[in-house]
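Asker: Its first residue numbered 56, the sequence shown is counted upward by one per residue in this note's numbering. Heads up, the beta-carbon is just placed ideally off N, CA and C, and yes, glycines get one too. Since the model is a prediction, treat every value here as computed from it, not as a measurement. Following this message is one structure expressed as structure tokens.
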Amino acid sequence: MSEYDYIIVGAGSSGCVLAARLSEDPDLKVLVVEAGGSDNNFLFRWPAGFAKMTKGIASWGWSTVPQKNLNDRVLWYTQAKVLGGGSTINAQVYTRGNAKDYDAWGNDGCEGWSYRDILPYFKRAEGNERFHDDFHGTDGPLGVSAPRGALPICDAFIRAAQQYGIPYNPDFNGAQQAGTGFYQLTQRDLQRSSAAIAFLHPATKRPNLTLRSNLQVRRIVLEKNRAVGIEVESDNGNEILRANREVLVTSGAIGSPRLLMLSGIGPAEQLRSVGVEVHHDLPGVGQNLQDHLDLCVLCECSGHFSYDGMDKFPRSAIAALQYYLFKSGPVTSSLFETGAFWYASDTAPLPDTQFHFGQGSGIEKGIVTIDKGGVTLNCAYMRPKSRGSVSLASADPKDEPLIDPNYWSEPEDKEASLNGLEIAREILSQPAMKPFLAREALPGPEVKTRDELFEYACRLAKTQHHPVGTCRMGRGEMAVVDPELKVHGIEGLRVCDSSIMPTINSSNTNAPTIMIGEKASDMIRGMPPLPAAVLEHNDGPRRDLA
């Protein structure tokens with residue numbers, strides 16, 4: 056039986072950070088276990104490789120249960136199964152959310168997680184090539200850069216958003232969130248900067264860090280009320296790996312509660328119903344699932360203004376050669392490089408909707424490709440009140456979990472989402488876009504009423520790949536971990552990933568997940584927290600002030 060000080064289950068965005076930071080201490084013996092395989096394929100390194108990622112590459116292949124508020128649609132639910140996790144297959148957009156997101160955590164029983172407390176951990180991870188100020192770090196492992204592959208139509212989109220009434224914002228992660236502009240991207244030297252590339256791979260050179268990939272964890276091994284290791288499926292059968300200090304679960308908002316429940320930690324009645332022996336009744340495990348639901352507008356271009364068709368031979372071969380020789384051209388684009396944060400609800404005190412402008416059509420699974428070439432404008436309501444769940448279909452670790460985001464169970468979420476879709480249509484109809492666009496292909500001019508817009512949204516809605524919250528941090532009966540990320544009622548066990556978020560941040564979730572790994576590493580090592588930031592953060596102008 057192999058023994059380690061710490062076992063990290065999941066080499067995703069947070070797990071890679073934990074592996075790198077904990078192994079900085081040469082006296083600690085650290086193991087990282089990942090169910091997925093290597094991230095060496097060029098598609099994981101090239102920015103434009105994202106276009107292949109939501110279609111099944113390096114994914115578990117899971118789907119949701121029928122969504123009763125979306126006409127019983129079953130949605131494809133991409134969850135990464137590869138070193139680096141979501142940071143290896145995402146669109147590389149680096150956003151953190153609003154300062155008030157984290158202040159709400161701090162005010163909800165999560166001491167030490169307010170914006171001023173966590174900003175230093177964002178900065179410690181970040182190696183920003185452009186910004187050097189109170190909000191950004193320049194020396195961290197994670198490469199953060201400005202887009203290099205943005206086409207002229209991206210500038211037109213930013214002008215169009217301003218014509219609609221959204222002011223320009225040069226830095227969504229700075230003093231205010233509201234506005235339109237270019238996203239910052241997790242790239243360095245025109246390659247993806249995933250958590251595996253930035254944190255894990257450099258650390259694997261250390262003799263005290265062991266990485267085992269393509270290894271499925273069956274359960275956490277418990278002795279009384281303490282986690283002492285994990286059971287894995289290896290070529291030699293089931294194998295026990297022992298953790299002398301702690302087991303650290305970083306398997307994501309679906310994988311982490313799934314593993315806890317397979318180990319007998321979770322809602323007792325639900326576990327018994329599928330034949331899992333209950334070791335610790337913890338009703339919040341798998342509950343509180345939150346996600347951003349994406350709607351989109353697609354427009355046909357009036358010329359060759361997007362990247363549509365670049366994946367077809369011989370243009371794809373020319374693009375690959377251009378990238379190899381000159382580090383330029385279509386391959387440098389993550390395809391979603393401009394966007395906006397704005398208000399879809401008249402009463403919203405903070406920006407509540409995010410827009411991603413895509414330089415093509417059919418970029419993600421389930422979204423159609425426009426034959427003559429087109430562009431996509433995604434919009435998502437950032438502050439959903441709907442809450443879903445993750446549960447077990449059976450006690451077999453090989454079986455797919457039951458994923459129920461419960462989208463639009465709260466009517467406010469649906470109304471705000473449809474408002475955002477209407478705003479997206481208006482932005483693309485502004486004068487700045489007219490030289491580039493021939494027509495609105497979807498929803499299309501025939502879709503006019505609110506009911507018609509709802510039916511369209513139900514047909515094409517998709518996840519924005521931002522599940523969080525299923526091992527909620529805090530106090531009270533439904534909390535799963537405390538503010539030090541220790542699982543309530545179990546010693547030697549922490550959860551340290553996006554599943555601990557009490558409420559979802561109002562942006563992409565990769566940057567906050569990396570921040571969670573940074574802060575967790577200090578708490579695990581018993582280090583004092585980084586000094587809190589001292590600065591002002593402006594929520595930005597409201598629509599009626601723009």
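Determine the DSSP secondary structure at ASN589, reduced to helix, strand or coil.
Answerer: The sequence shown places Val at residue 589, rather than the Asn named in the question. Coil, per DSSP.
Asker: Exposed or buried, PHE177, counting other C-beta atoms within 10 Å across all chains shown (16 or more means buried)?
Answerer: buried
Asker: Under 8 Å, do ILE555 and MET578 count as touching if we go by C-beta distance?
Answerer: no
Asker: From the DSSP output, in three-state form, read off TYR157 for me.
Answerer: helix
Asker: Name the DSSP beta bridge partners of ASN433, please?
Answerer: CYS351 and HIS411
Asker: If we ignore side chains and look at the alpha-carbon of each, how far apart do SER268 and SER118 end up?
Answerer: 24 Å
Asker: My guess is that ARG580 and LEU77 are in contact by the Cβ rule of under 8 Å, so how many angstroms apart are they, rounded?
Answerer: 7 Å
Asker: When you compare only the Cα positions, how much space is there between LEU206 and SER388?
Answerer: In a straight line, the C-alpha of LEU206 is about 9 Å away from that of SER388.
Asker: With a threshold of 8 Å, are at least 3 pairs of Cβ atoms found where one atom belongs to the segment 138-146 and the other to the segment 245-259?
Answerer: yes
Asker: Report the rounded CA-to-CA distance for GLU288 versus LEU86, giving the unit in angstroms.
Answerer: The alpha-carbon separation between GLU288 and LEU86 amounts to approximately 16 Å.
Asker: Roughly how many whole angstroms lie between the Cα atoms of ILE418 and GLU324?
Answerer: In a straight line, the C-alpha of ILE418 is about 42 Å away from that of GLU324.
Asker: To which residues of the same chain is ALA71 closer than 7 Å at the C-beta, ignoring the five residues directly before and after it?
Answerer: Correcting the residue identity first, residue 71 is Cys in this sequence and not Ala. Correct list, in chain order: GLY139, ALA250, ALA251, PHE254 and LEU255.
Asker: Between VAL536 and CYS551, what straight-line distance do the alpha-carbon atoms span, to the nearest angstrom?
Answerer: 9 Å
Asker: Let me confirm a value: ILE62 is counted as buried when at least 16 other C-beta atoms fall within 10 Å, else exposed. Which label applies?
Answerer: Buried, since its Cβ has 16 or more Cβ neighbours within 10 Å.
Asker: In chain order, what are the residue ranges of uninterrupted beta strand (DSSP E) at least 3 long that sit wholly in the segment 64-129?
Answerer: 85-88
Asker: Does VAL129 pass the burial test, meaning 16 or more other C-beta atoms within 10 Å, or should it be called exposed?
Answerer: With fewer than 16 Cβ atoms within 10 Å of its Cβ, VAL129 is classed as exposed.
Asker: For GLN217, name the three-state secondary structure that DSSP assigns.
Answerer: helix
Asker: Would you list, in sequence order, the uninterrupted beta strand (DSSP E) runs of no fewer than 3 residues that lie entirely inside the segment 326-377?
Answerer: 342-344 and 348-356
Asker: Please work out which residues of its chain come closer than 6 Å, Cβ to Cβ, to ALA566, disregarding the five sequence neighbours upstream and downstream, and give them in chain order.
Answerer: TYR149 and ARG151
Asker: What does DSSP give as the partner residue(s) for TRP397 in the beta ladder?
Answerer: THR408
Asker: With burial defined as no fewer than 16 other Cβ atoms inside 10 Å of the residue's Cβ, what is the status of THR431: buried or exposed?
Answerer: buried
Asker: Under the three-state reduction of DSSP, which class applies to ASN474: helix, strand or coil?
Answerer: Residue state, collapsed to three classes: helix.
Asker: Out of THR518, ALA588 and LEU540, which one is the CA nearest neighbour of GLN134?
Answerer: THR518
Asker: Helix, strand or coil for THR640, going by three-state DSSP, please let me know.
Answerer: With the chain running from 56 to 601 in the structure shown, residue 640 is simply not present.
Asker: To the nearest angstrom, how far is the alpha carbon of LEU314 from that of GLU573?
Answerer: 22 Å
Asker: What alpha helix (DSSP H) runs, 4 residues minimum, are completely inside the segment 471-530?
Answerer: 505-515
Asker: Is it buried or exposed, LYS503, if we count other Cβ atoms within 10 angstroms and call 16 or more buried?
Answerer: exposed
Asker: Could you pull out every residue in the same chain whose Cβ sits closer than 7 Å to the Cβ of THR259, ignoring the five residues on either side in sequence?
Answerer: Cβ neighbours of THR259 beyond the five flanking positions: LEU266.
Asker: Please confirm whether CYS513 and ILE478 have their CB atoms less than 8 Å apart.
Answerer: no
Asker: Locate the beta strand (DSSP E) running through GLY417, then write down its first and last residues.
Answerer: Run containing GLY417: none; DSSP gives neither H nor E here.
Asker: Check for me: the beta strand (DSSP E) holding ASP275 runs from which residue to which?
Answerer: For the record, residue 275 in the displayed sequence is Ile; it is not Asp. Note, ILE275: beta strand (DSSP E), 271-278.
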